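Here is the structure we will look at.
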Amino acid sequence: MTCISSSTRRVFSGNRFRTHDSTMLGAHGHDPSATAAFDQVSEFDRGRIVTYRDCGLSFKEIGSRVGRNQTTVTRICDRWMQEGTTDRHGRSHPPQCTTLREDRKIVRMTVTDLSVTSRTVAEHIESVTHHSVSVRTIRRRLQQSGLSARRPLLGLPLKQNHRHLRRQWCDERRR
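In my numbering, each residue carries its 1-based index in the sequence shown increased by 486.
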């Protein structure tokens, strides 16, 4: 939104107006620094970007309409295509090594085959995506989905009497 009055120009950027002298404006009549690097793209603008892209506009054309860099528009559209959301990622932790699609695949594998272990799932994901996923990550994704990884039974559970008799048998053989 722009309000023009004589030689100064008020440009609405983010949530505030900035006044710019006409001598500072670029060749296209707008100040290239009007959108500072720290101004975040609003949820409304992210929705506009995705809608413009669905209408077939180019990244460059969308950027000029929304007042954002072409790279920013591309990044938002890529996130929409890959993750189905335009929400910003918080940076309090490292990015996830699995996508939402891979997370669904992990859950589907464990639900369809109850004998599969988290190690088997990790090996399968690695063979398909060609990037390694730790066993701990698989367990974490299952826990987030309300499931748990199957732990293979390493030995028969023994009662106290069986344990005593087995130990006695081993002690006799040791001598």
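Glycine included, C-beta positions come from ideal geometry on N, C-alpha and C.
Predicted model, so just to flag it, every value in this text is computed and none were measured.
In this structure, Ala-608 lies away from Val-593, with their beta-carbon atoms at least 8 Å apart. His-579 and Leu-651 have their C-alpha atoms spaced approximately 52 Å apart.
In this structure, Cys-583 sits away from Thr-537, with a CB-CB distance that is not shorter than 8 Å. In this chain, Gly-553 is not harboured by any alpha helix (DSSP H), its DSSP state being neither H nor E.
Counting along the chain, no alpha helix (DSSP H) covers His-579, and no H or E run does either.
In the three-state scheme derived from DSSP, where H, G and I count as helix and E and B as strand, Thr-615 is classed as helix. Judged by beta-carbon spacing, Ser-634 lies beyond the 8 Å limit of Leu-642, meaning their Cβ atoms are not closer than that value.
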